[in-house]
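The sequence shown maps to residues 275 to 538 in the working numbering. Virtual Cβ for every residue (Gly too), placed ideally from N, Cα, C. Predicted model only: the values in this text are computed from it and were never measured.
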Amino acid sequence: MIGAIIGDIVGSRFEFAKQTTPNFTLFDKDCNYTDETICNVAIADAILNKKTYKDSLLYWCRKYPEPFKGYSSPFSKWIEQDHQECNNSSANDAAMRVSPIGWLFDDYYEIQDEARNCAEVSNNHPEGIVGAQCVATIIYWLRTCRITKEEIEGAVKRNFGYSIPPIKDIYKIGSEGHFDGLCKETVPYAISCFLESDNFEDAIRIAVAAGGDTDTKTAICGAIAEAYYEIPDSMIEKAYEYLPDDMLDVVTQFYERIQNELDN
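What follows is the structure, encoded as structure tokens:
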């Protein structure tokens with residue numbers, strides 16, 4: 275979960291900006307948490323405290339109605355409705371918030387169901403659902419060592435139908451100013467950035483330098499990378515400085531749950 279939050283914060287200042295190189299300052303005064311962090315906290319809170327995904331998302335997103343860079347237009351309309359109806363959006367909103375599901379459930383089929391349920395609260399387009407299921411499943415596969423890094427590309431193709439583009443193609447697309455706001459783009463792009471990396475920080479830098487929807491792509495890449503690499507303490511501590519106390523409380527509770535399960 276902190277992998278997604280770090281990716282969100284680091285990537286935040288580059289969204290809608292000119293594509294950068296990988297040699298940038300990670301944490302800057304212009305960085306902040308965005309909707310990715312809020313929604314990951316909401317999903318973790320729902321699972322940890324037995325709330326519905328809908329109720330938790332509405333609570334957190336209404337508590338923080340104007341995050342840095344804002345919410346996507348379809349999701350913003352969903353938040354504001356008195357009686358929520360799913361939108362048929364294939365945007366990446368659903369995929370960017372599922373990292374807690376990949377950690378807090380321990381069965382492949384249960385993770386598929388939970389990711390679907392989490393997505394369908396606001397995004398019932400098949401591409402949004404598949405994107406959410408793919409991200410949560412990769413986290414589960416990697417953290418439980420059910421799959422190697424080298425096997426991910428084939429497994430993703432077989433199970434979710436995504437072809438993972440070469441990183442050079444993603445960088446070219448980013449250099450042309452394309453904004454990869456759809457699940458079918460953001461998810462495979464984020465996976466490619468992870469596969470190209472050698473460590474957690476490297477994954478974050480590669481994803482940001484790919485341009486486009488930098489906070490979402492880097493949040494997803496960071497979520498996946500956390501399940502495979504160790505995150506430097508310095509990066510975790512720096513990310514915590516950006517978060518309000520109520521979000522930190524949920525993050526702390528999240529890792530306490532994981533540690534308790536490891537101890538037992």
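Excluding the five sequence neighbours on either side, which residues of its own chain have a C-beta within less than 6 angstroms of the C-beta of residue 319, listed in chain order? Cβ within range, chain order: 330 and 524.
Where in the stretch 353-416 do unbroken runs of the beta strand (DSSP E), each at least 3 residues long, occur, reported from the N-terminal end onward? Here no run is fully enclosed.
Does the count of Cβ pairs from the stretch 395-410 and the stretch 359-372 closer than 8 angstroms reach three? Segments in contact, yes.
Near residue 471, what residues of its chain come up, given a Cβ to Cβ distance below 6 angstroms and the 5 sequence neighbours on each side ignored? Closer than 6 angstroms at Cβ, skipping near neighbours: 477 and 480.
Nearest residue (CA-CA) to residue 540, options 431, 404 and 451: Nothing about residue 540 can be reported from this structure: the residues present for the chain run from 275 to 538 only.
Are residue 405 and residue 461 touching if we call contact CB-CB under 8 angstroms? Between residue 405 and residue 461, the C-beta spacing is below 8 angstroms.
Helix, strand or coil at residue 332 according to DSSP, with G and I counted as helix: Helix at residue 332.
Check residue 456 in the structure and name its three-state DSSP category. Reduced to three states, the DSSP call for residue 456 is strand.
Using C-beta distances below 6 angstroms, list every residue in its chain close to residue 311, excluding the 5 sequence neighbours before and after it, in chain order. Hits under 6 angstroms: 279 and 282.
Taking the beta carbon of residue 423 as the centre, do at least 16 other beta carbons fall within 10 Å, making it buried, or is it exposed? Around the C-beta of residue 423, fewer than 16 other C-beta atoms lie within 10 Å, and the residue is accordingly described as exposed.
Are the CB atoms of residue 393 and residue 375 nearer to each other than 8 angstroms? Taking 8 angstroms as the Cβ cut-off, residue 393 and residue 375 do not qualify as a contacting pair.
Residues near residue 226 in its chain [Cβ-Cβ closer than 6 angstroms; skip 5 each side]: In this structure the chain extends from 275 to 538, so residue 226 is not present and cannot be described.
According to DSSP, is residue 531 helix, strand or coil? Of the three classes helix, strand and coil, the one that applies to residue 531 here is helix, per DSSP.
Just how far apart, CA to CA, sit residue 498 and residue 357? Separation of residue 498 and residue 357 (C-alpha to C-alpha, rounded to the nearest whole angstrom) is 34 angstroms.
Just to confirm, does residue 479 get its C-beta within under 7 angstroms of one of the non-hydrogen atoms of the ligand ADP? Because no ligand of any kind appears in the structure shown, any question about the ligand ADP cannot be addressed here.
Is the beta carbon of residue 416 less than 8 angstroms from the beta carbon of residue 502? For residue 416 and residue 502, yes; Cβs fall inside 8 angstroms.
Burial state of residue 324, where buried means 16 or more other Cβ atoms lie within 10 Å: Label assigned to residue 324: exposed.
In this structure, does DSSP put residue 435 in helix, strand or coil? Correct three-state label for residue 435: coil.
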